[in-house]
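Quick note: the sequence shown uses the numbering used here, first residue 45, plus one each step.
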Amino acid sequence: MTRNVLIYIELNNKKPAKVSLEIISHALKNFADTNINGVIACDENTMSEAVNELKNIGLHKLYILKDNLFDIHNTCVYSRVLERFIKENKPDILLMGATCDGRDLAPRLASKLNIGLTADCTDLQIDENGHLLATRPTYGGKMMATIISKTLPNFATVRSGAFKLNIQKSSQEAEIIEITPDITGLCSLMEIVYSENKPPVEDWTCAEIIIAGGLGLKTKENFDLIYKLAEYLDAKPAASRAAVEQGWAPQSIQVGQTGSSVSPKLYIAFGISGAMQHMVGITNADKIIAINTDTSAPIMKSADIALAADAAAVLNSLLKTCTK
Ligand SMILES: Cc1cc2nc3c(=O)[nH]c(=O)nc-3n(C[C@H](O)[C@H](O)[C@H](O)COP(=O)(O)OP(=O)(O)OC[C@H]3O[C@@H](n4cnc5c(N)ncnc54)[C@H](O)[C@@H]3O)c2cc1C
């Protein structure tokens, strides 16, 4: 029986959020015997641009919940409108991004629908019975757990970067279904007194080359070479949690379970051991180069190129070559 998957597509500045597109890419590639449908909530101004982006990317149906109140995320109204929509449409599987808004919306929705929620997933598959297999780190990140929910729809949120972005335009257009929900009585406990659209910040997690440093770099001065090399190679710098804890780098560039997931073409790790909590953030990297003095470090086994060498010495000689 064909299962209906519904992906809540978050919009930022009229554009679909990267994580929503990553979920669509993954679902289209991996979920057999399913209809992949999307739902957006937006105002009149946003609608045509969002529909243009989404109408021919392989979705079966695109539902548009339209109201001028939806110009900015308002969790109380959004959760109640989506609750009604889901009760009426009864998808088998419901997915959304584990973004700030998604992390706010998903538990409220799960509670209203009285269903389970597997949050912050790093992998999703569908078994032969059509159940969602939702994988996420557990026991403080020491293990990965695959959770099957008994409630319908099977509901999960997905970490940004967990899946490869691979949107391809197709000649077949989604069926567009516009809905104007009745929002009378859905008053919000939250009154929005001021809102400002900030210019989008460059998302470093989308970089094609990422150069990361860990504790094996020994000092902040050595870690600073990561920034220099990244600049020369038009790459983005990143760090392990241990390097962040040393104060060598800000948490915003931490890769891993409690940092960001990335999917670069090339990930170069200087002095990083490759603990599971770090590796979970780079499962989608195309190629990994690891520089580590210990050939038995876990990252050396997963790397495409493993270089047994002093990380700071390699960084210094690469920089010398770059500046020649
Ligand atoms: C709940 C939880 C969440 C976590 N989340 C994250 C996360 O998001 N991201 C993350 O990174 N970690 C995370 N961690 C921590 C993780 O378990 C590791 O402790 C951390 O990744 C280790 O960082 P590291 O590889 O830089 O340091 P270490 O593990 O100390 O490794 C340093 C490496 O450098 C090598 N080395 C030493 N000297 C040199 C040299 N001169 N040249 C080259 N190599 C050298 C060593 O052989 C070693 O392999 C988490 C842990 C927990 C419990």
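Beta carbons are placed, not taken as given, at the ideal position from N, Cα and C, and that holds for glycine.
7 Å CB neighbourhood of threonine 46 in its chain, flanking five on each side removed: As a position in the sequence shown, residue 46 is number 2, starting the count at 1. Correct list, in chain order: Asp77, Thr78 and Asn79.
Going by Cα to Cα distance, which pick from Asn89, Lys262 and Leu126 is closest to isoleucine 53? Start at 1 with the first residue of the sequence shown, and residue 53 comes out as number 9. Ranking Asn89, Lys262 and Leu126 by Cα distance to isoleucine 53 puts Leu126 first.
Buried or exposed (CB count within 10 angstroms, at least 16 for buried), glutamate 219: Start at 1 with the first residue of the sequence shown, and residue 219 comes out as number 175. By the 10 Å Cβ count, glutamate 219 comes out exposed.
In DSSP terms, what serine 304 is bridged to: Translated into the one-based positions of the sequence shown, residue 304 becomes position 260. The partner list for serine 304 (beta bridge, DSSP) reads Val299.
Helix, strand or coil at methionine 188 according to DSSP, with G and I counted as helix: Numbered from its first residue, the sequence shown carries residue 188 at position 144. For methionine 188, the secondary structure class from DSSP, reduced to helix, strand or coil, is strand.
Taking the runs of the beta strand (DSSP E) that are 3 residues or longer, which of them lie wholly in the stretch 60 to 92? 78 to 86
Enclosing alpha helix (DSSP H) for glutamate 219 [first to last residue]: One-based indexing of the sequence shown puts residue 219 at position 175. No alpha helix (DSSP H) holds glutamate 219; the beta strand (DSSP E) holding it covers 219 to 223.
With a threshold of 16 other CB atoms inside 10 Å of the CB of glycine 291, please say whether the residue is buried or exposed. On the sequence shown, position 247 is the one that residue 291 refers to. By the 10 Å Cβ count, glycine 291 comes out exposed.
Neighbourhood of leucine 72 by C-beta, 6 Å cutoff - its chain only, sequence neighbours within 5 removed: Along the sequence shown, read from residue 1 onward, the residue named residue 72 stands at position 28. For leucine 72, where only same-chain residues beyond five positions count, the Cβ hits under 6 Å are Ile80 and Gly102.
So which of Asn56, Asn57 and Gly82 has the shortest CA-CA distance to isoleucine 67? Looking up residue 67 in the sequence shown gives position 23. Nearest C-alpha to isoleucine 67: Gly82.
The alpha helix (DSSP H) with glycine 102 in it runs from where to where? For the purposes of this step, residue 102 is identified with residue 58 of the sequence shown, where counting begins at 1. In this chain, glycine 102 is not harboured by any alpha helix (DSSP H), its DSSP state being neither H nor E.
Have a look at Pro181, Arg128 and Thr201 and flag the residue whose alpha-carbon is nearest the alpha-carbon of glycine 42. This structure does not reach residue 42, given that the chain is present from 45 up to 368, and the question cannot be answered.
Compute the Euclidean distance between the alpha carbons of isoleucine 254 and lysine 208, then round it to the nearest angstrom. The residue you call residue 254 lines up with position 210 of the sequence shown. The residue you call residue 208 lines up with position 164 of the sequence shown. The straight-line gap from Cα to Cα measures roughly 15 Å.
Under the three-state DSSP convention, the category threonine 119 falls into: Within the sequence shown, the letter at position 75 stands for residue 119. Three-state result, threonine 119: helix.
State the DSSP-derived secondary structure class of leucine 269, mapped to helix, strand or coil. Counted from its first residue, the sequence shown places residue 269 at position 225. Residue state, collapsed to three classes: helix.
Is the number of C-beta pairs between the stretch 263 to 282 and the stretch 342 to 353 that are closer than 8 Å three or more? no
My understanding is that phenylalanine 314 touches isoleucine 335, with C-beta atoms under 8 Å, so please give their C-beta distance in whole angstroms. Numbered from its first residue, the sequence shown carries residue 314 at position 270. Numbered from its first residue, the sequence shown carries residue 335 at position 291. Between isoleucine 335 and phenylalanine 314 the Cβ distance is about 5 Å, and since that is below 8 Å, they are a contact.
Since alanine 389 contacts alanine 287 with CB under 8 Å, what's their CB separation in whole angstroms? No answer is possible for residue 389: the residues shown for the chain start at 45 and end at 368.
Using 8 Å as the threshold, is the stretch 169 to 178 in touch with the stretch 100 to 117, meaning 3 or more CB pairs across them? no
Kindly indicate which three-state DSSP category alanine 352 falls into: helix, strand or coil? By one-based count along the sequence shown, residue 352 stands at place 308. Note: alanine 352 maps to strand in three-state DSSP.
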